[in-house]
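**Student:** Could you have a look at this structure, given as structure tokens, before my questions?
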Amino acid sequence: MAKTHDLSHLDALVDRHMNLREVRNRIRTEDSRPDTGTAAGPDGPFVTVSRQYGSGGTALAARLSLELGWQLFNKEILEAIAENAHTRIRVLNGMDEHLIGRIEEFINHLIVPESINQFAFIKEMSQVILTLGHRGNVVILGRGANWLLAGDAGVRIRTVAPLERRIEAVAQRKDADRNEAERLVVESDRSTAGFVQKIFGRDVDDPLGYDLVLNLDRMSEDAAVAAVHSVLHRLPVWQMAAQ
């Protein structure tokens, strides 16, 4: 479950995301451009980042968020919003009721939880992820977002790196010895794979669940960012927004 988050912090984060969308809607209106369902419209664009622990995916997500000017939602924030009814309602507010119904139907058919309590929480978190992806202009880190959101409106990324490289990175970041770092990496891999298999019935390493699989041991962060931008700019929703 999520760590405790100050409600005012969550509200401020949601406000920032909503205000960004309103500004872009005004720009589109003032430019007399048709609503194309793109950067200011109801369907993306978005970026999701799934990462092997220690592969560099967290830093890549933060950089993409900064360069694109989009809000970053990580695991802790997503879970905190899902757990807090007040903030969750604010995220869902303004969504078409028919769309919300379609989202609920999709979730009911997709996730396969083990308990009723787990189902309620996963459903709420999935609602948040789907709504954020639908609204667009977000980078979503973790929580199986790539299995929930369609690739035609965003870019779904998986970052990987060799085990030894990831162990070294975690050891340095955590100031831990090699054995402890290896334990953390292996446990994270096992936990993530179990979550995706249990909730979505999918293999986290299935490349067809992603639009880009980036080996950050073989490419620089600059090259990875360029690859994401290249795919993002080819999306119909992005191209229509530029017209």
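All letters in the sequence shown, in the order written, are residues 1 to 243 by full-length UniProt numbering.
Quick reminder that beta carbons are idealized off the backbone N, C-alpha and C, glycines included.
Here's the rule: buried if 16 or more other CB atoms are within 10 angstroms of the residue's CB, otherwise exposed. What is residue 264?
**Tutor:** The structure shown has nothing for residue 264, since the chain only spans 1 to 243.
**Student:** Quick one: residues in its chain with C-beta nearer than 7 Å to the C-beta of residue 202, no 5 flanking neighbours on either side, listed in chain order?
**Tutor:** Working through the sequence shown from its first residue, we reach residue 202 at position 202. Contacts found: 147, 196 and 209.
**Student:** Could you tell me the distance, in whole angstroms, from the CA atom of residue 246 to the CA atom of residue 207?
**Tutor:** The structure shown has nothing for residue 246, since the chain only spans 1 to 243.
**Student:** When the Cβ atoms of the region 55-68 are set against those of the region 116-131, are three or more pairs found closer than 8 Å?
**Tutor:** no
**Student:** Out of 233, 164, 215 and 235, point me to the one whose CA is closest to residue 60's CA.
**Tutor:** In the sequence shown, the residue the question calls residue 60 occupies position 60. It is 215 whose Cα lies nearest to the Cα of residue 60.
**Student:** Pick from 144, 217, 160 and 139: whose alpha carbon is nearest that of residue 154?
**Tutor:** Your numbering for residue 154 matches position 154 in the sequence shown. Of 144, 217, 160 and 139, the residue nearest in Cα terms is 139.
**Student:** How about residue 212 and residue 227: are their beta carbons less than 8 Å apart?
**Tutor:** Stepping through the sequence shown from its first residue, residue 212 is reached at position 212. Stepping through the sequence shown from its first residue, residue 227 is reached at position 227. Cβ distance < 8 Å, so residue 212 and residue 227 count as in contact.
**Student:** According to DSSP, simplified to helix, strand and coil, what is residue 51?
**Tutor:** By 1-based counting over the sequence shown, the position of residue 51 is 51. The answer is strand: DSSP assigns residue 51 an E or B state.
**Student:** Is residue 60 helix, strand or coil when you go by DSSP?
**Tutor:** Residue numbering aside, residue 60 sits at position 60 when the sequence shown is read from its first letter. In this structure, residue 60 counts as helix in the three-state DSSP scheme.
**Student:** Classify residue 179: buried if its beta carbon has 16 or more other beta carbons within 10 angstroms, exposed otherwise.
**Tutor:** Residue mapping note: residue 179 aligns to position 179 of the sequence shown, counting from 1. So residue 179 ends up on the exposed side.
**Student:** Could you give the DSSP three-state label for residue 146: helix, strand or coil?
**Tutor:** Start at 1 with the first residue of the sequence shown, and residue 146 comes out as number 146. Reduced to three states, the DSSP call for residue 146 is helix.
**Student:** Grab me the residues of residue 142's own chain with a C-beta within less than 6 Å of its C-beta, minus the 5 sequence neighbours each way, in chain order.
**Tutor:** Translated into positions along the sequence shown, residue 142 becomes position 142. Cβ neighbours of residue 142 beyond the five flanking positions: 75.
**Student:** Using the Cα positions of residue 159 and residue 105, report the straight-line distance between them to the nearest angstrom.
**Tutor:** By 1-based counting over the sequence shown, the position of residue 159 is 159. By 1-based counting over the sequence shown, the position of residue 105 is 105. Going from the Cα of residue 159 to the Cα of residue 105 covers about 30 Å.
**Student:** State the beta-bridge partners of residue 215 as determined by DSSP.
**Tutor:** For this step, residue 215 is matched to residue 215 along the sequence shown. Partner(s): 160.
**Student:** Please return the same chain residues whose Cβ sits closer than 6 Å to the Cβ of residue 184, not counting the five positions on each side in sequence.
**Tutor:** Counting from one through the sequence shown, the residue named residue 184 turns up at place 184. Answer for residue 184: 170, listed in chain order.
**Student:** Since residue 154 sits in a beta bridge, which residues does DSSP pair it with?
**Tutor:** Residue mapping note: residue 154 aligns to position 154 of the sequence shown, counting from 1. In the DSSP output, where bridge partners are listed per residue, residue 154 has 46.
**Student:** For residue 198 and residue 230, I'd like the C-alpha separation in whole angstroms.
**Tutor:** Against the sequence shown, residue 198 aligns to sequence position 198. Against the sequence shown, residue 230 aligns to sequence position 230. When rounded, the distance between both Cα atoms is 33 Å.
**Student:** Do you know how far the Cα of residue 137 is from the Cα of residue 220?
**Tutor:** Position 220 of the sequence shown, counted from the start, is the residue given in the question as residue 220. Position 137 of the sequence shown, counted from the start, is the residue given in the question as residue 137. Approximately 24 Å between the Cα atoms of the pair.
**Student:** Exposed or buried, what is residue 162 when buried is set at 16 or more other beta-carbons lying within 10 Å of its beta-carbon?
**Tutor:** Taking the sequence shown and counting its residues from 1, the one referred to as residue 162 is at position 162. It is exposed - the Cβ of residue 162 has fewer than 16 other Cβ atoms within 10 Å.
**Student:** Run the CB neighbour count on residue 38, radius 10 Å, all protein chains shown included, and call it buried at 16 or more, exposed below.
**Tutor:** If you number the sequence shown from 1, residue 38 lands on position 38. For residue 38, the pLDDT reaches just 29, beneath the cut-off of 50, and the residue's location in the model is therefore unreliable, leaving the point undetermined.
**Student:** For residue 66 and residue 232, I'd like the C-alpha separation in whole angstroms.
**Tutor:** As a first step, residue 66 is located in the sequence shown; it is residue number 66 there, counting from the start. As a first step, residue 232 is located in the sequence shown; it is residue number 232 there, counting from the start. Taking the straight line joining both Cα atoms gives about 15 Å.
**Student:** Classify residue 144 as buried or exposed, calling it buried when 16 or more other Cβ atoms lie within 10 Å of its own Cβ.
**Tutor:** Here residue 144 is taken as the residue at index 144 of the sequence shown, counted from 1. Label assigned to residue 144: buried.
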